[in-house]
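J.: In our numbering, the protein residues as written are 106 to 459. If you scroll down you'll find the structure; I have some questions about it.
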Amino acid sequence: MKKHNFSAGPCILPKEVLLKASEAVMDFNSSGLSLIEISHRSKDFVAVMDRARDLTLELLDLKDKGYQALFLQGGASTSFLITAYNLLEKKAGYLNTGTWSTKAIKEAKLFGEVVEVGSSKDENFNYIPKGYTVPKGLDYLHLTSNNTIFGTQLKKFPKTDAPLVCDMSSDIFSRQLDFSQFDLIYAGAQKNMGPAGTTLVVVKEDILGKVSRAIPSMLDYKVHISKDSMFNTPPVFAVYTSMLTLEWLQNLGGIEAIEEINDKKARLIYSEIDLNPVFEGYAKKEDRSNMNATFNLADPKLKDVFDQMLVEAGINGLNGHRSVGGYRASMYNALSLESVGVLVDVMSELERKG
Ligand SMILES: *Cc1c(COP(=O)(O)O)cnc(C)c1O
106 MKKHNFSAGP CILPKEVLLK ASEAVMDFNS SGLSLIEISH RSKDFVAVMD
156 RARDLTLELL DLKDKGYQAL FLQGGASTSF LITAYNLLEK KAGYLNTGTW
206 STKAIKEAKL FGEVVEVGSS KDENFNYIPK GYTVPKGLDY LHLTSNNTIF
256 GTQLKKFPKT DAPLVCDMSS DIFSRQLDFS QFDLIYAGAQ KNMGPAGTTL
306 VVVKEDILGK VSRAIPSMLD YKVHISKDSM FNTPPVFAVY TSMLTLEWLQ
356 NLGGIEAIEE INDKKARLIY SEIDLNPVFE GYAKKEDRSN MNATFNLADP
406 KLKDVFDQML VEAGINGLNG HRSVGGYRAS MYNALSLESV GVLVDVMSEL
456 ERKG
């Protein structure tokens, strides 16, 4: 039976990407060798890294604008601390919009003063704070563009003199933005780009080199830039598969084309959540995420019936995060509109039964 994978991460990838990636594991570029058993310094793999970095900047429209793309390790969770290590001299601002922002704040506090410019903790992060003021003199302002767990998404980004840092783990490459408003973007690959194991960092070079502390080589963005993202052995499989996904996206028509599909998917599920009395949306309407739709059953007694119907329809990964409960439909780039249609059909069937 066809499976519809709504997993929040690691997430669904395009079938053609999985096919090409598995072929390369057996025989990379008809070399008779596996992608994962050759030197990362070989001509063939260096070309992969170069292409992945180049495609990243091209898709984000950041080529020749002073940015560098890096494929590092340690996940977005390591970026929480590397960001502060490289940029925090005295004081940084953080907008606290959920679990991941909270974790980023905890790490930054190891390196300097952290000002929480706004927080939605008072309502268990079901909205995006607005109308907050950003103090002057920050080393940077840190945002989380999409809150994977709570299903909220920033639609507007604050204007500030400070460098803007953004954790885009769960919505990078999903919607058109002026990416040049950000000075540093990071994203774990496994939400919208590839398998776990690599973290994309896109950084404007001129914000680096301004802190007085010594930075260990592996945590120093400048070291990775100077080595073309090959300071040490890169996670070759994760980088290759990410490159394939970026090629898939480019062939589809880039971010503009995928945004249109993502909008359709989001409209479909949210209209069902709003019209179907059996369900209640979790996030405030104006802050709803196009990537992760969070919702609950109005009557929890329907849970067993609904869960059984989901299994029968081949729907995977719909359980909400333990800190929110309920359900979460993650609709990353590779999830088809058809799969959202299958879910919506199950939801309306539950209304008829319930
Ligand atoms: C998943 C996620 C993270 C954590 O990513 P890891 O790569 O597992 O460290 C951080 N931020 C956001 C927004 C996420 O969705």
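All C-beta atoms, glycine included, are put in the ideal place defined by N, C-alpha and C.
1) Suppose the cutoff is 7 Å on Cβ atoms and the five residues either side in sequence are ignored; what does the same chain contact list for Ser-285 look like?
2) Using beta-carbon positions only, say whether Tyr-172 and Leu-162 come within less than 8 Å of one another.
3) My understanding is that Leu-305 touches Ala-292, with C-beta atoms under 8 Å, so please give their C-beta distance in whole angstroms.
4) For the 8 Å Cβ check, are there 3 or more pairs between the stretch 422-432 and the stretch 348-365?
5) From what residue to what residue does the alpha helix (DSSP H) around Val-129 run?
6) Contact between the stretch 388-404 and the stretch 245-262: three or more CB pairs below 8 Å?
7) Taking the straight line between their C-alpha atoms, what separation do you get for Ser-444 and Gly-180?
8) Less than 8 Å between the beta carbons of Ala-174 and His-247, yes or no?
9) Quick one: give me the first and last residue of the beta strand (DSSP E) that Ile-173 is part of.
10) What does the alpha-carbon distance come out to for the pair Glu-456 and Asn-381?
11) Can you give me the start and stop residues for the beta strand (DSSP E) that Arg-391 sits inside?
12) Report yes if the CB atom of Lys-315 is closer than 8 Å to the CB atom of Asp-288, and no otherwise.
13) If I follow the unbroken alpha helix (DSSP H) through His-329, where does it start and stop?
14) Got a sec, what are the start and stop residues for the alpha helix (DSSP H) Glu-352 sits in?
T.: According to the structure shown:
1) The residue you call residue 285 lines up with position 180 of the sequence shown. In its chain, beyond the 5 residues on either side, Leu-167, Lys-170 have a beta carbon closer than 7 Å to the beta carbon of Ser-285.
2) Locating residue 172 in the sequence shown gives position 67, counting from the first residue. Locating residue 162 in the sequence shown gives position 57, counting from the first residue. Yes, the Cβ-Cβ distance between Tyr-172 and Leu-162 is below 8 Å.
3) Here residue 305 refers to the residue found at position 200 of the sequence shown. Here residue 292 refers to the residue found at position 187 of the sequence shown. Right, their Cβ atoms sit about 5 Å apart.
4) In short, these stretches do not touch, since the Cβ pair count stays below three.
5) What you label residue 129 is simply residue 24 of the sequence shown in a count that begins at 1. The amino acid occupying residue 129 in the given sequence is Ala; Val does not appear at that position. Segment 120-131, the alpha helix (DSSP H) holding Ala-129.
6) Yes: at least three Cβ pairs fall under 8 Å.
7) The count along the sequence shown starts at 1 and reaches residue 444 at position 339. The count along the sequence shown starts at 1 and reaches residue 180 at position 75. Computed Cα separation, rounded: 28 Å.
8) In the sequence shown, residue 174 corresponds to position 69, counting from 1. In the sequence shown, residue 247 corresponds to position 142, counting from 1. Taking 8 Å as the Cβ cut-off, Ala-174 and His-247 do not qualify as a contacting pair.
9) One-based indexing of the sequence shown puts residue 173 at position 68. Just to set this straight, residue 173 is Gln in the shown sequence, not Ile. Boundaries of the beta strand (DSSP E) harbouring Gln-173: 172-177, taken from the DSSP string.
10) Within the sequence shown, residue 456 is the residue found at index 351, counting from 1. Within the sequence shown, residue 381 is the residue found at index 276, counting from 1. One C-alpha to the other measures close to 7 Å.
11) The count along the sequence shown starts at 1 and reaches residue 391 at position 286. Correcting the residue identity first, residue 391 is Glu in this sequence and not Arg. In this chain, Glu-391 is not harboured by any beta strand (DSSP E), its DSSP state being neither H nor E.
12) Taking the sequence shown and counting its residues from 1, one reaches residue 315 at position 210. Taking the sequence shown and counting its residues from 1, one reaches residue 288 at position 183. No Cβ-Cβ contact shorter than 8 Å links Lys-315 with Asp-288.
13) As a position in the sequence shown, residue 329 is number 224, starting the count at 1. Unbroken alpha helix (DSSP H) run through His-329: 326-331.
14) Within the sequence shown, the letter at position 247 stands for residue 352. Its alpha helix (DSSP H) spans residues 341-357.
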